[in-house]
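Below is one structure, written out as structure tokens; the observations come after it.
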Amino acid sequence: MANPTFTLPARGTTPAVELAKKAPKTPDALLVPVLCGEDGPELPASVLLDDAASREVLDALTAVGATGKANEITRVPFRKRSVVAVGLGDAEELTDEILRRAAGCAARSLKKVGTVATTLGVFGLAAAVEGLILGAYHYRGIRSEEAENGGVEKIVFVGGDKQEFETARVTAEAVALARDLVNTPSSHLYPETYAGLLADEGKAAGLKVEVLDEKSLAKQGFGGILAVGQGSERGPRLVRLTWSPRKKAKKSVAMVGKGITFDTGGISLKPGANMEAMISDMGGSAAVAATVIAAAKLNLPVHITATLPLAENMPDGRATRPGDVITHYGGQTSEIINTDAEGRLVLADALARASEDKPDYLLEVATLTGAQMVALGTRTTGVMGSDAFRDRVAATGRDVGEPAWAMPLLEEHEETIKSPTADMRNVDNTRWGGMEFAGLYLSKFIDEGIEWAHLDIAGPSFNSGSVHGYTPKRATGVPVRTFLALLAEIASE
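Letter by letter, the sequence shown follows residues 1 to 493 in full-length UniProt numbering.
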């Protein structure tokens, strides 16, 4: 079907980045690392500063009280320009994540600067690139007057491996894309326009694109997606994005992401307070779309098909009611106990469809349950699924700085999921183990023999608190970096 051309009304800004063998001749500022030594700050040797200049800068930093502790930002004047020193803490305790967070803090401090040259990458090029790009990300919103960016325009990384640099750049840009999608208001991003945008972005990246509208969804039996979307005047869509590398891939991965462009709760209406944050309920689909587009740009030798169910959950006269029974793609039925547990209904259809492709691995991600935040807080993803793959996904998340923790599927839920009127019910009627119940429900739509993982990112996908490290307020882009690291591993199997 034809898709409308849609452009995001606002995009986040990030600096241009460049890898150079030599330092630029006239940068506006120098960004240098500082370590926390036993006797005060330590300035590592740098191609940006000769021995005399290093002593001069170190003296200036010491004079203004710099210590080198992690995330400390100190700016001193130096020969008609400024030096921005970012603390990395104790050298023996330095990790990629400490570097990434410090780089993010440094990026936010670089206000109204043209070109910055840095050797921060000597401690880890990928982490430095990701941290600086993501820390500098700024979403200006939709305003009547063009907002001034005010951030750094260009960052030149001096020294390092080109492939590592490009991988980090593409990865950071993918996170920024996911953030842009989530930050876009639902007045502008709804199933039809979202599908059109994904189609355009996918085709530009060399992906095969398929979009199903309401008629096609009904014809093919996608009852879960239709049940959630029928309460809205803006009908649902299903988008499929496929990356097929030129060289035949040894492994295939199915990816599924929840795409509820706005969630009122439907008939089971949510409280009004903070409902505006429900523009983020499509964070799973945004992360998956950004991941598969980045995989194509990186030419990862793994076959990937993303299945993205898009719907808006609204409470009009046609909306699905508690007590209704729906038939999913593939034939299984669900009794609707709570219409605010809508994400699992659209995911069920998508998982059943994705399973038909017989992938080696299946990754699914969703802003699914408030219970995830009760159990793990707002920054740690809950991961459920087949034991070995679940643990692998969680470990990868922790390795790249996107905290994740493996969670069990509970035996007692096998009884409470049963329904007197359908194959299963969509929620348990108790408060207990809500995250795990949702995971068990989804497991019923995945074919046996497929290694799979479900990631609940209800908290980690949207930062309602303060800025920290390289994480801004609002959309975070979690878990794009986890997925890309994992796909790179799978491609090398």
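Yeah, the Cβ is synthetic: ideal placement off N, Cα and C, and Gly gets one too. Computed from a predicted structure; not experimentally measured.
Once the 5 residues before and after residue i are set aside, which same chain residues still bring their CB inside 6 Å of it?
i           : result
Leu300      : Leu487, Ala491
Val156      : Glu18, Ala20, Pro24, Ala117
His454      : Glu364, Met384, Gly385, Gly439, Leu442
residue 553 : The first residue shown for the chain is 1 and the last is 493, placing residue 553 beyond what the model contains.
Asp39       : none
Gly469      : Arg101, Gly104
Ile142      : Pro9, Ala10
Leu198      : Val239, Ala289
Asp387      : none
Glu489      : none
Taking Cβ to Cβ, would you say residue i is nearer than 8 Å to residue j?
i           : j      : result
Gly196      : Lys258 : no
Tyr361      : Val253 : yes
His188      : Gly12  : no
Val86       : Val76  : no
Val152      : Leu110 : yes
residue 528 : Asp28  : The structure shown does not extend to residue 528, since the chain is modelled only from 1 to 493, so the question has no answer here.
Phe462      : Gly283 : yes
Gly397      : Pro472 : no
Gly224      : Ala348 : yes
Pro44       : Leu58  : no
Met255      : Ala306 : yes
Ala178      : Ala273 : no
Gln230      : Arg318 : yes
Ala485      : Val427 : no
Thr339      : Ser268 : yes
Take residue i and list the residues in its own chain whose beta-carbon comes closer than 7 Å to its own, dropping the five residues that flank it on each side.
i           : result
Met1        : Low confidence applies to Met1: its pLDDT is 41, below 50, so where it sits in the model is not reliable enough to give any reading.
Leu409      : Met384, Glu436, Gly439, Leu440, Ser443
residue 496 : Residue 496 lies beyond the range of the chain shown here (1 to 493); nothing can be said about it.
Arg390      : Val383, Met384, Ala406, Ala453
Val74       : It should be pointed out that residue 74 corresponds to Thr in this sequence rather than to Val. Around Thr74: Leu61, Val64, Ala66, Ala85.
Gly150      : Lys111, Lys112
residue 543 : Here the chain comprises residues numbered 1 to 493, so residue 543 is not present and cannot be evaluated.
Ser285      : Gly257, Lys258, Gly259, Leu308, Leu310
Arg474      : Tyr139, Asn183, Phe462, Asn463
Phe222      : Leu238, Tyr329, Asp349
What first and last residue would you give for the alpha helix (DSSP H) that runs through residue i?
i      : result
Pro322 : Taken as a continuous stretch (DSSP letters only), Pro322 belongs to no alpha helix (DSSP H), as it is neither H nor E.
Gly459 : Run containing Gly459: none; DSSP gives neither H nor E here.
Thr333 : No alpha helix (DSSP H) contains Thr333, which is instead part of the beta strand (DSSP E) from 333 to 335.
Ala277 : Per DSSP, Ala277 belongs to no alpha helix (DSSP H) and is neither H nor E.
Pro191 : 191 to 204
Glu414 : 413 to 416
Gly224 : 223 to 229
Ile490 : 480 to 491
Ala127 : 125 to 136
Considering only C-alpha positions, which residue in the set the options is nearest to residue i?
i           : options                        : result
Ala16       : Lys250, Pro77, Ala172, Trp243  : Ala172
residue 496 : Phe123, Asp90, Glu92, Glu130   : What is shown of the chain runs 1 to 493, which leaves residue 496 out entirely.
Gln372      : Ala458, Arg100, Glu38, Arg179  : Ala458
Val393      : Asp456, Ala352, Phe445, Gly370 : Asp456
Leu226      : Ser268, Ile260, Thr193, Leu207 : Ile260
Ala136      : Ile142, Lys154, Ser144         : Lys154
Arg169      : Gly121, Thr381, Leu238, Pro315 : Gly121
Leu31       : Arg81, Thr14, Phe222           : Arg81
Arg79       : Asp96, Val302, Glu56, Leu217   : Glu56
Asp180      : Thr476, Glu489, Pro315         : Thr476
Ser216      : Ser232, Pro236, Asn71, Gly449  : Pro236
Asp316      : Ser232, Trp432, Ala91          : Ser232
For the beta strand (DSSP E) holding residue i, just list the boundary residues, first then last.
i      : result
Leu238 : 237 to 243
Arg81  : 81 to 87
Arg75  : 73 to 78
Ala117 : 115 to 118
Glu312 : 303 to 313
Leu212 : 208 to 212
Lys154 : 154 to 158
Ala406 : 404 to 406
Ala16  : 16 to 20
Can you give the beta carbon distance from residue i to residue j, rounded, assuming they're within the 8 Å contact cut?
i      : j      : result
Thr291 : Glu402 : 12 Å between Cβ atoms; not a contact.
Val47  : Thr119 : 6 Å
Thr320 : Gly265 : About 12 Å separates the two Cβ atoms, so there is no contact after all.
Asp423 : Thr333 : 5 Å
Glu192 : Arg234 : 6 Å
Thr167 : Leu298 : 6 Å
Lys203 : Thr242 : Not confirmed; about 11 Å, so no contact.
Ala205 : Ala296 : 4 Å
Excluding the 5 residues flanking residue i on each side, which residues of the same chain have their C-beta closer than 8 Å to its C-beta?
i      : result
Asn429 : Ile337, Thr416
Lys69  : Cys36, Gly87, Gly89
Asp357 : Ser252, Ala254, Thr305
So is residue i in contact with chain B if we call contact Cβ pairs under 8 Å?
i      : result
His328 : Among the chains in the structure shown there is no chain B, since it carries only a single protein chain.
Taking 7 Å as the cut-off, does the CB of residue i come closer than this to any heavy atom belonging to the ligand PLP?
i      : result
Gly323 : The ligand PLP is not among the ligands present in this structure, which contains no ligands whatsoever.
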